[in-house]
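Quick note on numbering: the UniProt record's numbering labels position 167 of the sequence shown as 167, and the sequence is numbered without any gaps. A quick write-up on the structure given underneath.
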Amino acid sequence: MQVSTRLCQAGSPPSRPPRVVLAAFGVRKSFGPYVALDGASLAIRPGEAVVVRGEPGAGKSTLLMCLANHLRADAGLVVYQGVRLGVERTSGGPALLTGAAMLRPDLTCAENVARPLRRMGLRRRAARRVATAWLDRLGAPGCGRRYPGELSCGQSHRVAAATVLATAPRVVLADDPAELMDRGEALDVTRSVLEAARAVGAALVLAARDASVAADADRQVLLREGRVVGGREIPGW
Ligand SMILES: Nc1ncnc2c1ncn2[C@@H]1O[C@H](COP(=O)(O)OP(=O)(O)OP(=O)(O)O)[C@@H](O)[C@H]1O
């Protein structure tokens with residue numbers, strides 16, 4: 001509780017960079033009788049890549065949704081950049097990468113990536129240039145003029161990742177793409193996202209069933225029956 005109090009202190013800016021950018025403390029979430037999260041705790045440092053591993057149904061997606069402020073926890077708290085999500089901030093939160101569903105089907109892929117950049121104030125031409133560079137970086141060159149409906153699952157996920165990463169987020173929460181494509185493609189896509197997140201200094205929390213993804217990350221934690229039960233956590237947490 002000492003830690004959460006420190007993180008939640010509002011007012012004066014911290015004198016040094018925060019040690020933790022995103023943290024969950026004892027998060028519980030049920031769907032009717034189904035307990036998806038049963039007191040999950042996790043702390044993420046700025047810029048690190050953390051894989052949250054777990055069997056199907058372990059609660060990985062639910063944890064990401066709570067961390068992203070898309071779902072409100074029944075109990076416990078989520079703190080992002082020193083602010084309690086769902087309480088002090090009811091909208092906004094870390095960027096959530098879920099894949100193809102994030103893309104507008106009536107816009108080309110370049111327009112999809114440029115859209116949030118335009119909202120951030122970039123002029124049309126600059127936004128287009130940045131979007132094209134991000135599509136290249138994510139391994140989707142040549143997708144710019146195509147529409148989401150014309151892409152494979154892997155390509156759609158890469159384009160969705162470009163829409164998120166182009167905005168230089170502090171934290172990206174990425175759900176496991178393995179359900180939607182074959183293992184090799186899912187690994188390839190995941191690695192591209194991981195490298196791109198590192199390149200812009202974004203922390204990445206990646207849900208994964210597959211252990212091989214963890215080899216490229218800074219650390220991994222294991223989620224079982226809605227609790228973080230294993231993995232190397234940050235000392236002192
Ligand atoms: N909207 C919902 N309504 C009812 N139950 C849900 C809902 N969302 C999740 N659950 C249940 O919560 C539990 C955790 O689901 P969750 O999707 O978070 O697990 P997961 O680890 O991401 O699984 P997977 O690897 O299959 O994606 C499961 O028992 C699931 O059936």
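Yeah, the Cβ is synthetic: ideal placement off N, Cα and C, and Gly gets one too.
What residues match up with residue i in a beta bridge as DSSP calls it?
| i | result |
| --- | --- |
| Tyr80 | Leu22, Val83 |
| Tyr34 | Phe31 |
| Val228 | Leu223 |
| Leu42 | Ala24 |
| Ala174 | Leu97, Leu206 |
| Val52 | Ala207, Val221 |
| Ala75 | Arg28 |
Classify residue i: buried if its beta carbon has 16 or more other beta carbons within 10 angstroms, exposed otherwise.
| i | result |
| --- | --- |
| Tyr34 | exposed |
| Met120 | exposed |
| Glu111 | buried |
| Leu7 | With a pLDDT of only 34 at Leu7, under 50, the local geometry of the prediction cannot be trusted, and the value read off the model is given with reservation. It is buried - the Cβ of Leu7 has at least 16 other Cβ atoms within 10 Å. |
| Val113 | buried |
| Ser156 | buried |
| Gln2 | Summary for Gln2: the model assigns pLDDT 37, below 50, so the residue's position carries little reliability, and this model does not support an answer. |
| Ala126 | exposed |
| Gly99 | buried |
| Ala211 | exposed |
| Val87 | exposed |
| Ala73 | buried |
| Ala75 | exposed |
| Thr5 | In this prediction, Thr5 has a pLDDT of 35, which is less than 50 and means its spatial position is unreliable; what the coordinates show is noted afterwards. Thr5 comes out exposed. |
Between residue i and ligand 1, is the CB less than 7 Å from at least one heavy atom?
| i | result |
| --- | --- |
| Phe31 | yes |
| Thr209 | Residue 209 is actually Arg in this sequence, not Thr. Yes, the beta carbon of Arg209 sits closer than 7 Å to at least one heavy atom of ligand 1. |
| Ala56 | The amino acid at residue 56 is misidentified as Ala; the sequence shows Pro. For ligand 1, at least one heavy atom lies less than 7 Å from the Cβ of Pro56. |
| Thr190 | no |
| Thr167 | no |
| Asp176 | yes |
| Gly59 | yes |
| Ala36 | yes |
| residue 258 | Only positions 1 to 237 of the chain appear in the structure, and residue 258 is not among them; the question remains open. |
Have a look at residue i and residue j and give me their C-alpha separation to the nearest angstrom.
| i | j | result |
| --- | --- | --- |
| Cys143 | Leu135 | 7 Å |
| Ala194 | Ala161 | Note on residue identity: the sequence assigns Leu, not Ala, to residue 194. Straight-line Cα distance between these residues: approximately 10 Å. |
| Ser152 | Phe25 | 38 Å |
| Arg146 | Asp106 | 10 Å |
| Ala36 | Arg129 | 42 Å |
| Phe31 | Thr62 | 10 Å |
| Ser41 | Gly230 | 11 Å |
| Leu85 | Val79 | 6 Å |
| Asp38 | Ala166 | 34 Å |
| Lys60 | Leu223 | 7 Å |
| Leu97 | Val164 | 7 Å |
| Val83 | Val205 | 18 Å |
Would the beta-carbon of residue i fall within 8 Å of that of residue j?
| i | j | result |
| --- | --- | --- |
| Asp182 | Ala208 | no |
| Ala196 | Arg115 | no |
| Arg158 | Gly139 | yes |
| Leu173 | Leu71 | no |
| Gly47 | Gly201 | yes |
| Ala168 | Leu22 | no |
| Gly154 | Val189 | yes |
| Ala215 | Arg53 | no |
| Cys66 | Val20 | no |
| Leu94 | Val171 | First, the residue type needs correcting, since residue 94 is Pro and not Leu in the sequence shown. A contact, by the Cβ cut-off of 8 Å. |
| Arg198 | Val50 | no |
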